[in-house]
Amino acid sequence: MQTRKDLYQAHRLMTQRVALALLQGKPGAAESPLRRTGVGTLCGVMVVVLLAAGFGVSGLVFKGGARNLQQPGLVLIERETGAAYAYSARDRKLIPFLNYASARLAMSTTSIRRKTVSSRSLSRYGRGPMTGIQGAPESLPEPDRLTKAPWSLCVRGTSVSLAGGRDVGGRALADGQGVLVQGGTQTWLIWRHTRLRVSPQAARVLTADRPVPVDERWLNGLPQGPDFAPPPVPRWGQRSPGPDGTPTPIGQVFRVAAVAGTPARWYVQLADGLAGISQTQARLLLESAGSAPHAPGPPRDINPGAAGARPSQTTLYRRDIPENPPEIMPYQATEPLCAVYRDTGKLSTESRFTIGGALPTAPSGGTGLDQVLMPGGGTFAGTLSGPGQKPQAFSLLTEQGVRYPIATADDVAKLGYSLNSAVPVPANLLQLFRQGPVLTSSEAIRPVPAT
């Protein structure tokens, strides 16, 4: 006997065959006539649901409206103008800031978040007084894109440039090479990582060519070494017992010839005996004596035993001037002359001079630096006062050639940096930047005086 279930299934089969016969002309087809339509409708509904959910989530994560403004550390950036604001819960107003740096410094916390909103969403809020530090930067270099070494201080004609984070190239000068330049009326020897003052008389020891004029601002950015000058000889021209005991003019130069590959040694007669000097010092002494009355005369050759028979108690030998007169390299004022600091990250303040590097053309004749090149637009710098010293006196450097001192570690954190991330920059380079206002929270919250 047939059950109710059997009758229901038979009825469904009959209606399905009738529908297939009417729609497809195939009453025996295995597929339901409305199956594809139903599946397509269901898929369309699911796509709409997923899109709606996606827009809802994005609206929660990336809010474009001005909501939850009372959150601490929230800096609002107006999308259309780039203007910076913060919301004052006490006054229930938006506080406009002169610049982005001031807006960050004015926050009550170091956990700062920026949010870009439309001007329309801000229009329903009242405005407080304009606030902030006049002249503070409009933008800040990203903490992960700070410009680092090498730092190259270059001069070309009357243009002075500082390039960071890039290799300017050029021909590097060896320790035995130098360049003779003139800044104003003063002649300087550019040697190793310093500049040495040179008198017209001492310049003849180096070359007969005239020094090349360079901008004094570039020279001021180089560490100054000792004068390229003869050592002081008290009672010069008087007589005292020489190496062989006979009266010898004080200031007389002696030489011990080179032996078995060792270089010649040089000495000068002092009141109490012979003092060792370098070949450069000997040349400078002989040049300074010239044809003056009572001049000691040309150098005398002695043997090693005589040189050590009566040593002086005075030390004249110096390592901070060239051991031998350096080779003066040809230099044209139309090509860059650069002091390149490669190892400031290792707390080194030494540089190497290069000639003929690659630099963009820059304006000239201004104050400070004519051109500052930094790939990241700037850097957070710590002053490198000497070799091996940890960075101190932190500041923000911009491509506009401005240095902004930062007052405290808390202010550093509000700007998005940490003391450990400071890029070491030699103090002699930092002093070439024009100084901007100090970046400090106490000034960032002050309303701008009405003019």
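Heads up: the sequence shown is residues 1 to 451, going by UniProt numbering. Every residue, glycine too, gets a C-beta built ideally from N, C-alpha and C.
For P143, the secondary structure class from DSSP, reduced to helix, strand or coil, is helix. The C-alpha of V233 lies about 37 Å from the C-alpha of V340. Note on the segment 380–427: whole beta strand (DSSP E) runs with a minimum of 3 residues are 392–398, 402–405 and 423–426, in chain order. With contacts defined as CB atoms closer than 7 Å, V155 and V214 qualify as a contacting pair. Between V160 and W236, the gap from beta carbon to beta carbon reaches 7 Å or more. Relative to the Cα of G356, the nearest Cα in the group G376, P304, G377 and Q332 belongs to Q332.
Counted as a single uninterrupted DSSP element, the stretch harbouring Y100 is not any beta strand (DSSP E) but the alpha helix (DSSP H) occupying residues Y100 to L105.
Bridge pairing for T81: absent [DSSP].
For L69, the secondary structure class from DSSP, reduced to helix, strand or coil, is coil.
Judged by DSSP secondary structure, P200 falls outside any beta strand (DSSP E) and instead within the alpha helix (DSSP H) spanning P200 to L206.
Contact between G221 and L153 holds: CB atoms are separated by about 5 Å, below the 8 Å threshold. The alpha-carbon of T187 is positioned some 6 Å away from that of V181. If the five residues before and after L69 are omitted, its C-beta is found closer than 6 Å to the C-beta atoms of Y87, all from its own chain and listed in chain order. With fewer than 16 other Cβ atoms from the protein chains shown falling within 10 Å of its own Cβ, P143 counts as exposed.
A contact is defined here as three or more CB-CB pairs under 8 Å, and the segment 255–262 meets this definition with respect to the segment 293–309.
In the structure shown, the three-state DSSP call for P336 is coil. For G164, the enclosing beta strand (DSSP E) has its first and last residue at S159 to G164. Secondary structure at R4: helix, using DSSP grouped into helix, strand and coil. Cβ neighbours of A381 within its own chain (closer than 6 Å, five residues either side excluded): S395, L397, V423 and V425. In the DSSP secondary-structure assignment, S88 is bridged to K93.
In the three-state reduction of the DSSP assignment, A362 falls in the coil class, being assigned neither a helical nor a strand state.
N428 is classed as buried because its beta carbon has at least 16 other beta carbons within 10 Å across all chains shown. For the pair of segments examined, the segment 95–105 was found to touch the segment 438–450: the number of CB pairs separated by less than 8 Å reaches three. Contact holds between the segment 131–139 and the segment 100–112, because three or more Cβ pairs, one in each stretch, are under 8 Å apart.
Between the segment 347–367 and the segment 312–324, the count of C-beta pairs closer than 8 Å stays below three; the two stretches do not touch. W151 is a Cβ neighbour of G164, given a cutoff of 7 Å. Under the criterion of beta carbons closer than 8 Å, L284 and A229 qualify as touching, at roughly 6 Å.
The beta carbons of G368 and R434 sit closer together than 7 Å.
Beyond the five residues adjoining it in sequence on each side, R145 comes within less than 7 Å, by CB distance, of G376 in the same chain, given in chain order.
Within the same chain, and ignoring the five residues on either side of Y417 in sequence, the residues whose Cβ sits closer than 6 Å to its Cβ are P143 and F380. With fewer than 16 other Cβ atoms from the protein chains shown falling within 10 Å of its own Cβ, A409 counts as exposed. By the CB criterion at 7 Å, V438 and A407 fall inside the cutoff.
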